[in-house]
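Enquirer:
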Amino acid sequence: DSGVTQTPKHLITATGQRVTLRCSPRSGDLSVYWYQQSLDQGLQFLIHYYNGEERAKGNILERFSAQQFPDLHSELNLSSLELGDSALYFCASSAPGANSGANVLTFGAGSRLTVL
Amino acid sequence: QKEVEQDPGPLSVPEGAIVSLNCTYSNSAFQYFMWYRQYSRKGPELLMYTYSSGNKEDGRFTAQVDKSSKYISLFIRDSQPSDSATYLCAMIGIQGAQKLVFGQGTRLTINP
Numbered sequence: 001d002s003g004v005t006q007t008p009k010h011l012i013t014a015t016g017q018r019v020t021l022r023c024s025p026r027s028g029d030l031s032v033y034w035y036q037q038s039l040d041q042g043l044q045f046l047i048h049y050y051n052g053e054e055r056a057k058g059n060i061l062e063r064f065s066a067q068q069f070p071d072l073h074s075e076l077n078l079s080s081l082e083l084g085d086s087a088l089y090f091c092a093s094s095a096p097g098a099n100s101g102a103n104v105l106t107f108g109a110g111s112r113l114t115v116l
Numbered sequence: 117q118k119e120v121e122q123d124p125g126p127l128s129v130p131e132g133a134i135v136s137l138n139c140t141y142s143n144s145a146f147q148y149f150m151w152y153r154q155y156s157r158k159g160p161e162l163l164m165y166t167y168s169s170g171n172k173e174d175g176r177f178t179a180q181v182d183k184s185s186k187y188i189s190l191f192i193r194d195s196q197p198s199d200s201a202t203y204l205c206a207m208i209g210i211q212g213a214q215k216l217v218f219g220q221g222t223r224l225t226i227n228p
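Have a look at this one:
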């Protein structure tokens with residue numbers, strides 16, 4: 001167990017729907033990162049939050065949004081889902097020091113989203 | 117062109133073989149280089165990280181970085197079936213840049 005908790009583990013939904021993925025970072029970690037992993041694109045960075053504030057955005061679609069709450073857990077909201085959104089969504093956290101160059105990430109086990 | 121290129125494999129070798137996994141990159145600003153290992157149905161876990169050029173050894177694993185060639189490698193000696201996983205290289209640039217860039221991952225199978 002990495003200490004990063006993601007729920008749900010699996011999710012099956014239909015096109016056009018909206019889902020929320022949840023992540024609890026490792027105890028003491030202030031940064032939360034969201035990644036999307038698909039077979040053809042590999043692991044793609046979506047967004048980074050540090051202590052409740054958005055710090056960096058990657059290839060995140062406008063249909064997707066995220067937030068980090070005061071208790072440091074984070075949620076990734078995916079709306080108007082399309083077939084191509086089917087993927088593994090990983091959350092990762094890192095220790096305090098958002099500007100650490102080493103940026104060692106601890107990943108959760110992921111949420112597998114299937115859009116039918 | 118992707119910032120980080122990694123041969124997705126799959127790569128299959130017999131137990132005990134030396135395995136070489138490689139990544140090339142285009143962004144000369146990358147300073148920190150990492151290898152993550154991902155078992156099936158699990159999240160990636162950090163295996164090794166190095167700063168700038170040079171070698172780093174940890175047990176059966178050796179990471180090499182050649183910044184002049186923009187090329188990094190991970191060597192696994194005396195490979196074991198338990199090493200079967202997907203290996204992802206990752207790298208990040210200047211301090212304060214939050215975006216860790218991953219390679220596509222190489223799927224490795226060690227055959228007993």
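From first to last, the protein sequence lines are chains B and F.
Just so it is clear: in the first sequence, position 17 is 17 by this note's numbering, and no numbers are missing.
Remember, this note's numbering sits 116 above the position in the second sequence when you count from 1.
Beta carbons: idealized from backbone N, C-alpha and C, even for Gly.
For a test of the three-state rule: what should DSSP assign to L83 (chain B), helix, strand or coil?
Expert: Three-state result, L83 (chain B): helix.
Enquirer: 8 Å is my cut-off, CB to CB: does V104 (chain B) come that close to chain F?
Expert: Chain F, which has a Cβ nearer than 8 Å to the Cβ of V104 (chain B), makes this yes.
Enquirer: Just the Cα atoms here: how many angstroms apart are Y33 (chain B) and E54 (chain B)?
Expert: Y33 (chain B) and E54 (chain B): Cα-Cα distance of roughly 10 Å.
Enquirer: Counting C-beta neighbours from all protein chains within 10 Å, is the total for Y89 (chain B) 16 or more, i.e. buried, or is it exposed?
Expert: The residue in question, Y89 (chain B), is buried, as its Cβ has 16 or more Cβ neighbours within 10 Å.
Enquirer: With the cut-off set at 8 Å, would you say N227 (chain F) and E131 (chain F) are in Cβ contact?
Expert: Taking 8 Å as the Cβ cut-off, N227 (chain F) and E131 (chain F) qualify as a contacting pair.
Enquirer: CB-CB under 6 Å to G219 (chain F), same chain, minus the five flanking residues each way: which ones, in chain order?
Expert: Only V120, Q122, C139, L204, C205 meet the Cβ criterion.
Enquirer: Taking the alpha-carbon positions, what's the Q41 (chain B) to R176 (chain F) distance?
Expert: C-alpha separation (whole angstroms): 30 Å.
Enquirer: Do R193 (chain F) and P126 (chain F) have their C-beta atoms within less than 8 Å of each other?
Expert: Going by C-beta atoms, R193 (chain F) is not nearer than 8 Å to P126 (chain F).
Enquirer: When the Cα atoms are used, what is the spatial distance from Q134 (chain F) to Q196 (chain F)?
Expert: Correcting the residue identity first, residue 134 (chain F) is Ile in this sequence and not Gln. Their Cα atoms are separated by approximately 10 Å.
Enquirer: Let me know the secondary structure DSSP gives P25 (chain B) once reduced to three states.
Expert: Of the three classes helix, strand and coil, the one that applies to P25 (chain B) here is coil, per DSSP.
Enquirer: With H, G and I counted as helix, E and B as strand and the rest as coil, what does DSSP make of D123 (chain F)?
Expert: Correct three-state label for D123 (chain F): coil.
Enquirer: Report the residue from B:G108, B:L21, B:T106, B:Q6 whose alpha carbon sits nearest the alpha carbon of F64 (chain B).
Expert: Per the Cα distances, B:L21.
Enquirer: What is the DSSP secondary structure of S2 (chain B), counted as helix, strand or coil?
Expert: If DSSP states are grouped into helix, strand and coil, S2 (chain B) belongs with coil.
Enquirer: Under a Cβ-count criterion, where at least 16 other Cβ atoms within 10 Å of its own Cβ denotes burial, should P70 (chain B) be classed as buried or exposed?
Expert: P70 (chain B) is exposed by the Cβ-count criterion.
Enquirer: Less than 8 Å between the C-beta atoms of A92 (chain B) and Y49 (chain B), yes or no?
Expert: The answer is no: Cβ separation not under 8 Å.
Enquirer: With 9 Å as the limit, tell me which residues of the segment 158 to 180 of chain F have their beta carbon closer than that to any beta carbon of chain B; keep them in chain order.
Expert: Against chain B - using a Cβ distance shorter than 9 Å - the residues of the segment 158 to 180 of chain F are K158, G159, P160, E161, L162, Y165, Y167.
Enquirer: Would L116 (chain B) count as contacting chain F if we go by Cβ distances under 8 Å?
Expert: Not an interface residue.
Enquirer: Let me know the secondary structure DSSP gives A213 (chain F) once reduced to three states.
Expert: Its pLDDT being 48, under 50, A213 (chain F) is placed unreliably in this model, and the value from its coordinates should be taken loosely. Note: A213 (chain F) maps to coil in three-state DSSP.
Enquirer: Is there a Cβ from chain B that is less than 8 Å from the Cβ of Q196 (chain F)?
Expert: No, Q196 (chain F) lies away from the interface with chain B (no Cβ there is under 8 Å from its Cβ).
Enquirer: State the Cα-Cα distance for the pair L163 (chain F) and V217 (chain F), rounded to the nearest angstrom.
Expert: Each residue's Cα considered, the two are about 16 Å apart.
Enquirer: Using a Cβ cut-off of 8 Å (strictly closer), state whether S2 (chain B) contacts chain F.
Expert: So yes, S2 (chain B) belongs to the interface.
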